[in-house]
Amino acid sequence: MRKKLFVVGLMAFCWTSIWAQESYLNRPDLLNKVDSCLRHTYNFSFIKARHFQMELARITPDHPAPYFLEALIVYWENYPLTPEKKASEKFVELMDRVVALSEEYSESERTHLEGVFFDLFGRAFKAMFWADNGKPGKVLPDLSTLYRNTKEGFEMKDQFSEFYFSTGLYNYYIEAYPEAHPGYKALVAFMQDGDKALGLQQLKYAIDHAVFLKVESIVFMSIIQLKYERDLNAAAMYAEMLFKQFPHNLFYQGHLVTILLHQKRFQRTREVLKVMEKQRDPYSEMIRVMANSFMAEMESKNDLKAEKGYESVLEMADRIGPYADLFMAIGYMGLSRIFEERGVSSESGSYARKAAKYTSYRFILEE
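Residue numbers for the sequence shown follow my numbering, beginning at 386 and rising by one.
Written out as C-alpha cells, the structure reads:
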C-alpha cells in the first residue's frame, strides 16, 4: 500500500511540476496582458503597467515572463538607469531571476522555446544595461551563452516569432559591424555568416508579429537606418512610429528630436518639444537645451546663444554619463561648427575630435 501511495504521489508530483510550467504560447489571453503591460511601460504609465505585470505574476508565478516585465518596468521607470542608482541592483536581480527560471523551462520539451527565449533575452537586456553604462567587461561572462542561444533561435523562429528579432539582428550586424569596423573581421571569421538584406526582412517581420520584442524591433530598425544604411528618412519613419505610440518615453523623444534636427525639420521638432514641455527631469532638460541650441545655430543664425547652449549641453551630458554620449557629441560638433565659422580652425578641430570619441554616427560628425 505504501509503495502504491508513493508511486501515485510521485506521479502526481511530476504531473504537477510539468503543468506548473505554464506556457504563454497559444495563450492569447496571456499575450494580450503582456502587450498591454509593455505598451504602458514604454509610454511611462508605470502604475497601469504594474497592474498587468502583477496579474501575470499571480496567474503564472513560476514563469520568467512576469519577472522580465518587472525588470523592464524598473529599467524605464528609472531611465536613464545607471549603476549608482539603487534600482539598478533590482534590475539585475530580476534579469538574473529570469535566467534562473528559464533553465528549468529549457529542460522541458513543452516549454523549451520559452526557456531559450527568456534565457537569451534575460542575459541580452542585462548586457545592454552594462554596455549602455560603458562597462562592456560585465558582458563577457554571458557572451558564449548569448551566441549559442541566438543560433538555436534560428531554428525556432517559425515556432516563436520573437526569435525573428534576434535572428534578424544577428544576420544584419554580423555583416554590417565588421564592414564598418574592419578590425573585427578576424574576430567574426569563425562565426556563422549573416545576410544584411535578410536580417532587415526578419526585423520587419518581428515588428509585425512579435509581442515581447515588437518595440525593440522598431528601435533597432531606426538605429540601423541611421548608423549603417545612413538613411535619415527611413530612420525618421521608425522614430515617428515609436513617438506616436509612446509619446512620453524619454529615449524615443530624444531619438526623434535628434533625427529631425539633422533633417532641418524645425517645425516638427518644436511640436515634439511641446509634448515634452512639462517634463522636469535632467534628461528632458538636456534634450530641450540641445534642440534649442541647434535651432539657434542653424535656423536663427544666433551663434552666441547656440554656443552658450552647447556648453550647457556638455555639462548636463557629463552629469548623466554614458547614456548621454550622443548629446555630448552633438554639443561638441555644434561648438566645432561655430569656431570653424569664426575661422578658429585649431579650436574647431579639437571639438570635432572630441565629438568623434562619443559617437560614430556620420550624420552627426559630418553635419
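Glycine residues also receive a C-beta, built at the ideal position from the N, C-alpha and C atoms.
So residue i and residue j are supposed to be a Cβ contact under 8 Å. How far apart are they, rounded?
i: Ser493; j: Asp504; result: Not quite, the Cβ-Cβ distance comes to about 13 Å (not below 8 Å), so this is no contact.
i: Thr530; j: Phe539; result: At roughly 15 Å, the Cβ-Cβ gap does not stay under 8 Å, so Thr530 and Phe539 are not in contact.
i: Leu466; j: Phe514; result: 7 Å
i: Leu635; j: Ser669; result: 6 Å
i: Asn556; j: Asp580; result: 5 Å
i: Tyr427; j: Phe631; result: 4 Å
i: Ala676; j: Thr654; result: 6 Å
i: Ser607; j: His640; result: 7 Å
i: Asp517; j: Tyr708; result: 6 Å
i: Leu711; j: Thr643; result: 7 Å
i: Phe550; j: Ala591; result: 4 Å
Hey, is residue i close to the ligand ZN, as in C-beta under 7 Å from one of its heavy atoms?
i: His594; result: Because no ligand of any kind appears in the structure shown, any question about the ligand ZN cannot be addressed here.
Terminal residues of the continuous alpha helix (DSSP H) containing residue i?
i: Lys570; result: 570-573
i: Thr496; result: Element bounds for Thr496: n/a, residue is neither H nor E.
i: Val674; result: 667-683
i: Thr426; result: 413-427
i: Met713; result: 710-726
i: Tyr695; result: 688-705
i: Leu750; result: 747-750
i: Ser529; result: 528-539
i: Met576; result: Unbroken run through Met576: none, as it is neither H nor E.
i: Leu441; result: 431-444
i: Lys742; result: 730-743
For a test of the three-state rule: what should DSSP assign to residue i, helix, strand or coil?
i: Val596; result: coil
i: His566; result: coil
i: Lys388; result: Legend: pLDDT at Lys388 = 43, less than 50; position of this residue unreliable, value from coordinates given subsequently. Helix at Lys388.
i: Gln587; result: helix
i: Pro521; result: helix
i: Thr401; result: At Thr401, the pLDDT of 34 sits below 50, so the modelled position is not reliable and the matter cannot be decided from this model.
i: Lys542; result: coil
i: Ser408; result: coil
i: Glu560; result: helix
i: Lys511; result: helix
Compare the C-beta of residue i with all C-beta atoms of chain C and state if any pair is closer than 8 Å.
i: Ser745; result: In the structure shown, chain C cannot be found, because there is only a single protein chain.
Notebook entry, point to check: Is there contact here, the segment 452-459 with the segment 499-514, by at least three beta-carbon pairs under 8 Å?
Noted result: yes
Check: With a cut-off of 8 Å, do at least 3 Cβ pairs link the segment 442-455 to the segment 617-631?
Finding: no
Check: At which residue ranges does the segment 599-660 contain complete alpha helix (DSSP H) runs of 4 or more residues, listed in the order of the chain?
Finding: 599-612, 617-630, 635-647
Check: What residue ranges within the segment 448-508 form continuous alpha helix (DSSP H) runs of no fewer than 4 residues, ordered along the chain?
Finding: 449-462, 471-492
Note to self: Under 8 Å, with one C-beta from each stretch per pair, do the segment 597-613 and the segment 738-752 reach the 3-pair mark?
What the structure shows: yes
Margin query: For the pair the segment 543-553 and the segment 566-575, tell me if three or more CB-CB distances fall below 8 Å.
Written below: no
Check: How do the segment 714-724 and the segment 683-702 stand: do at least 3 beta-carbon pairs fall below 8 Å, yes or no?
Finding: yes
Notebook entry, point to check: Pairing CB atoms from the segment 468-488 with CB atoms from the segment 724-733, are three or more of them under 8 Å?
Noted result: no
Notebook entry, point to check: Are the segment 435-447 and the segment 412-424 touching, with three or more C-beta to C-beta distances below 8 Å?
Noted result: yes
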